[in-house]
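Since the structure comes first, as structure tokens, the remarks are kept for the end.
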Amino acid sequence: MRAHEAGALHGNDAAPTWLPYPQDVNHLIDGLWSRNTARSPEGAVEIAGVDVHRIAEEVGTPAFVLDEDDFRHRARTFRDAFAAAFGAHRGADVYYAGKAFLCGAVARWVEEDGLGLDVCTGGELAVALRADFPAERIALHGNNKSEPEIRRALEAGVGRIVIDSLDEIELVDAVAARLDLRAPVMLRVTTGVEAHTHEFIATAHEDQKFGLSLTGDAAFDAVRRVLEASHLDLLGLHSHIGSQIFDTGGFEVAARRLLELVARVRDELGRTVDQLDLGGGFGVMYNTQHTPATPEVLATGIAKIVATQCLELELEVPHVSFEPGRAIAGPSTQTLYSVGTVKDVRLGGPHHRVYVSVDGGMSDNVRTALYDADYSCLLTGRISDAAPEVVRVVGKHCESGDIVVKDEYLPGDVERGDLVSVPVTGAYCYSLASNYNHVPRPPVIAVRDGEIRTLIRRETEDDLLGLDIG
């Protein structure tokens with residue numbers, strides 16, 4: 026690639042069209058922050074009665090700050106909304122998707138609040154089992170499960186293994202035979218639905234690694250093979266169309282196609298399929314662009330869709346399951362950073378960009394680089410009277426793509442030592458965290474009723490060096 030002269034087009038202080046000029050740059054925007062986040066009379070932000078300065082002093086920055094009451098309230102709201110919407114039929118279960126964020130405490134909260142737990146690796150299963158999560162309420166996912174993972178799941182007595190391919194049918198059946206037990210399984214079906222989301226988190230179109238396609242006879246053949254297997258019990262069918270989805274349109278198409286397969290199994294194989302898992306992927310508000318639906322709206326809408334299509338196909342409404350992870354964990358957590366370098370890059374004429382560097386970055390939130398995700402942020406350590414300025418919040422890593430927040434208004438007097446928070450970082454931020462540039466991962470703390478509890482401690486340089494045995 027030939028080099029070219031850098032110029033003003035690479036920087037522009039104009040805000041994107043979706044980002045409104047703030048009437049009050051200190052305001053906590055409704056929907057972006059957990060239910061117990063507020064400004065104190067002194068001006069600093071408090072989460073569940075804990076001041077951000079206290080967090081910075083006692084825990085350090087960066088730190089993931091999880092509002093425990095908010096997390097558990099969201100979990101129970103999804104549980105109750107889907108139970109009520111499908112109460113006239115065979116009911117509904119909600120499985121928390123552990124890949125969003127999982128630790129021992131979260132597993133215990135999910136168990137206490139009556140949800141199931143969806144895991145997709147042996148490591149996530151290990152966390153659940155160490156937390157004494159009831160195995161019968163665990164679902165094991167994964168497109169490439171190892172034999173040891175399958176064995177451990179079966180020995181523990183998990184409630185379902187979601188089979189993802191034809192050869193996995195043989196593998197699970199063989200492991201179950203060696204253990205002399207029957208494996209409860211669901212089949213993941215690719216429904217061909219193109220969810221309106223980033224291509225890396227759209228999971229039901231044909232050209233991707235998950236599931237058994239409805240095109241041709243792959244999914245139907247999988248059902249037949251499971252029914253013929255000597256050590257497998259078919260519980261039902263599973264579908265997942267993607268993540269960060271704001272309406273029920275995609276679920277309507279996916280449910281229709283799954284139910285058509287159920288009808289075909291009834292008509293050609295003489296067997297009933299009593300359970301459907303329609304996945305999750307319900308969207309959250311990362312900034313003012315996003316308008317997520319409430320759990321009640323999602324649940325009633327999907328229940329109507331399933332009931333209507335079952336009536337048309339002369340099927341009894343099955344028991345259904347859903348897997349909200351992001352929608353429970355995401356809004357419950359914010360990441361607290363300390364500001365370091367503030368750099369106003371002038372590029373000639375009116376063009377410039379203000380870079381606010383923080384003490385974390387893509388090692389604790391890679392979603393901006395990975396998915397082109399848009400986040401918001403707020404000066405949380407104090408109130409400012411300075412005029413708003415469009416800034417770009419960046420991390421400390423040796424990477425030009427190390428961007429945490431691409432565009433947001435902060436007070437024009439933001440400076441070294443200030444505390445800023447990025448909301449809605451509870452899902453897929455710590456889970457995707459790394460040690461890039463040998464930066465230790467931040468802690469995850471829970472706050473409730475004015476108290477701080479560490480869920481995952483901060484990594485240290487000793488942790489990093491301890492793995493280096495060369």
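Start counting the sequence shown at 26; every next residue gets the next number (the numbering used here). Glycine included, every Cβ here is placed at the ideal spot set by N, Cα and C. In this text, all values refer to a predicted model and were calculated from it rather than measured experimentally.
Limits of the beta strand (DSSP E) - the one that Leu140 falls within:
In the sequence shown, the residue the question calls residue 140 occupies position 115. Run containing Leu140: none; DSSP gives neither H nor E here.
Hey, could you find the ends of the beta strand (DSSP E) Phe307 is sitting in?
Locating residue 307 in the sequence shown gives position 282, counting from the first residue. Per DSSP, Phe307 belongs to no beta strand (DSSP E) and is neither H nor E.
Among Ser255, Asp242, Leu252, Thr216, whose alpha-carbon lies nearest the alpha-carbon of Arg236?
Counting from 1 along the sequence shown, the entry for residue 236 is found at position 211. Checking the displayed sequence, the identity of residue 236 turns out to be Gly instead of Arg. Nearest C-alpha to Gly236: Thr216.
Give the single residue among Leu165, Asn169, Glu195 whose Cα lies nearest to the Cα of Gly182. Here the question's residue 182 lines up with position 157 in the sequence shown. Here the closest residue by C-alpha is Leu165.
**Prompt:** Whose C-alpha, out of Ala288, Arg351, Gly355, Thr358, is nearest the C-alpha of Glu337?
**Reply:** Against the sequence shown, residue 337 aligns to sequence position 312. Here the closest residue by C-alpha is Ala288.
With which residues is Ser346 paired in a DSSP beta bridge? Residue numbering aside, residue 346 sits at position 321 when the sequence shown is read from its first letter. The partner list for Ser346 (beta bridge, DSSP) reads Asp118, Asp302.
*asked:* Using 8 Å as the threshold, is the C-beta distance between Gly304 and His265 below it?
replied: The residue labelled residue 304 in the question sits at position 279 within the sequence shown. The residue labelled residue 265 in the question sits at position 240 within the sequence shown. For Gly304 and His265, yes; Cβs fall inside 8 Å.
| When the distance is taken between beta carbons, is Val119 closer than 8 Å to Phe96? | Translated into positions along the sequence shown, residue 96 becomes position 71. Translated into positions along the sequence shown, residue 119 becomes position 94. For Phe96 and Val119, no; Cβs fall outside 8 Å.
*Leu340 (DSSP reduced to helix, strand or coil)*: Stepping through the sequence shown from its first residue, residue 340 is reached at position 315. Coil, per DSSP.
query = So His422 is in the alpha helix (DSSP H); what residue range does that whole segment cover?
reply = Here the question's residue 422 lines up with position 397 in the sequence shown. Careful: His422 lies outside any alpha helix (DSSP H) and carries neither H nor E.
Query raised in the report: What whole-angstrom Cβ distance do Val345 and Val331 have, given they're in contact under 8 Å?
Result: Position 320 of the sequence shown, counted from the start, is the residue given in the question as residue 345. Position 306 of the sequence shown, counted from the start, is the residue given in the question as residue 331. Going by Cβ atoms, the distance from Val345 to Val331 rounds to 7 Å, so yes, they are a contact pair.
Element boundaries [beta strand (DSSP E), containing His78] | Residue mapping note: residue 78 aligns to position 53 of the sequence shown, counting from 1. Taken as a continuous stretch (DSSP letters only), His78 belongs to no beta strand (DSSP E), being part of the alpha helix (DSSP H) at 77-83.
Checklist entry - Count the other CB atoms within 10 Å of the CB of Trp43; is the residue buried (16 or more) or exposed (fewer)? => result In the sequence shown, counting from the first residue as 1, residue 43 sits at position 18. That one is exposed.
Next item on the list: Please classify Gly385: is it buried, with 16 or more other beta-carbons within 10 angstroms of its beta-carbon, or exposed?
Entry: Taking the first residue of the sequence shown as position 1, residue 385 is located at position 360. Gly385 comes out buried.
Three-state secondary structure (DSSP) at Pro209?
On the sequence shown, position 184 is the one that residue 209 refers to. In the structure shown, Pro209 sits in a strand (DSSP, three-state: E or B).
* Residues in its own chain within less than 8 Å of Leu53 by CB, not counting five upstream and five downstream? -> Position 28 of the sequence shown, counting from 1, holds the residue named residue 53. So the list reads Thr62, Ala63, Arg64, Val70, Leu403, once near-sequence residues are dropped.
Q | Sub-8 Å separation of Ile470 and Ala88 beta-carbons | A | Within the sequence shown, residue 470 is the residue found at index 445, counting from 1. Within the sequence shown, residue 88 is the residue found at index 63, counting from 1. Contact: yes.
### Proximity to Val309 [Cα-Cα], best of Glu339, Glu285, Thr358
Walking along the sequence shown from the start, residue 309 turns up at place 284. Nearest C-alpha to Val309: Thr358.
- List the endpoints of the continuous alpha helix (DSSP H) containing His292. The residue labelled residue 292 in the question sits at position 267 within the sequence shown. Per the sequence shown, residue 292 should be read as Asp rather than His. It spans 274-294 - the alpha helix (DSSP H) in which Asp292 sits, taken as one unbroken run.
With respect to the alpha helix (DSSP H) encompassing Asp488, which residues constitute its N-terminal and C-terminal limits? Stepping through the sequence shown from its first residue, residue 488 is reached at position 463. Where Asp488 is concerned, the enclosing alpha helix (DSSP H) stretches over 486-491.
Tell whether a beta-carbon distance below 8 Å holds between Arg185 and Val218. Counted from its first residue, the sequence shown places residue 185 at position 160. Counted from its first residue, the sequence shown places residue 218 at position 193. Not closer than 8 Å, so no.
Check: In whole angstroms, what separates the C-alpha of Thr485 from that of Gly491?
Finding: Counting from 1 along the sequence shown, the entry for residue 485 is found at position 460. Counting from 1 along the sequence shown, the entry for residue 491 is found at position 466. Cα to Cα, Thr485 sits roughly 10 Å from Gly491.
Requested in this report: Please determine, among Glu180, Ala352, Arg213, Asp92, the residue with the shortest C-alpha to C-alpha distance to Arg203.
Outcome: Position 178 of the sequence shown holds residue 203. Comparing Cα-Cα distances from Arg203 to each of Glu180, Ala352, Arg213, Asp92, the minimum goes to Glu180.
Self-check item: Sub-8 Å separation of Asn390 and Thr450 beta-carbons
Solution: Working through the sequence shown from its first residue, we reach residue 390 at position 365. Working through the sequence shown from its first residue, we reach residue 450 at position 425. Cβ distance < 8 Å, so Asn390 and Thr450 count as in contact.
So, with DSSP's three-state summary, where would you put Ile54?
For the purposes of this step, residue 54 is identified with residue 29 of the sequence shown, where counting begins at 1. Three-state result, Ile54: coil.
Exercise for review: Under 7 Å Cβ to Cβ from Thr297, same chain only, skipping five residues before and after it: list those, please.
Suggested key: Taking the sequence shown and counting its residues from 1, one reaches residue 297 at position 272. Excluding positions up to five away in sequence, the list reads Arg291.
Please name the residue in Val383, Thr313, Gln300 whose C-alpha comes closest to that of Arg115. For the purposes of this step, residue 115 is taken as residue 90 along the sequence shown, with counting starting at 1. Closest by alpha carbon: Gln300.
Looking at C-alpha atoms only, which residue of Val430, Gly139, Ala247 is the closest neighbour of Ile188? Counting from 1 along the sequence shown, the entry for residue 188 is found at position 163. Per the Cα distances, Ala247.
Tell me, please, whether the segment 404-413 touches the segment 368-380 by the rule of three or more beta-carbon pairs shorter than 8 Å. no
According to DSSP, simplified to helix, strand and coil, what is Pro320?
Looking up residue 320 in the sequence shown gives position 295. Helix.
* To do: Leaving aside the five residues before and after Leu489 along the sequence, list all residues of the same chain whose C-beta is less than 8 Å from its C-beta, in chain order.
  => The residue given as residue 489 occupies position 464 in the sequence shown. Once the five neighbours on either side are set aside, the close Cβ partners of Leu489 are Asn460, His463, Pro465.
query = What are the boundary residues of the beta strand (DSSP E) that Tyr400 is part of?
reply = Stepping through the sequence shown from its first residue, residue 400 is reached at position 375. Unbroken run through Tyr400: none, as it is neither H nor E.
inquiry  = Can you list, in chain order, the residues of its chain with a C-beta nearer than 6 Å to that of Gly148? Leave out the 5 residues immediately preceding and following it.
reply    = As a position in the sequence shown, residue 148 is number 123, starting the count at 1. Cβ within range, chain order: n/a, list empty.
ask   = Span of the alpha helix (DSSP H) holding Asp157?
value = For this step, residue 157 is matched to residue 132 along the sequence shown. No alpha helix (DSSP H) contains Asp157, which DSSP labels as neither H nor E.
* Asked: Using a Cβ-Cβ cut-off of 6 Å (strictly less than) and excluding sequence neighbours within five positions of Ala352, which residues of its own chain qualify?
  -> Position 327 of the sequence shown, counting from 1, holds the residue named residue 352. Hits under 6 Å: Phe307, Val309.
Answer yes or no: the CB of Lys329 versus the heavy atoms of the ligand ZN, is any distance below 7 Å? Of ligands this structure carries none, so the ligand ZN is not represented either.
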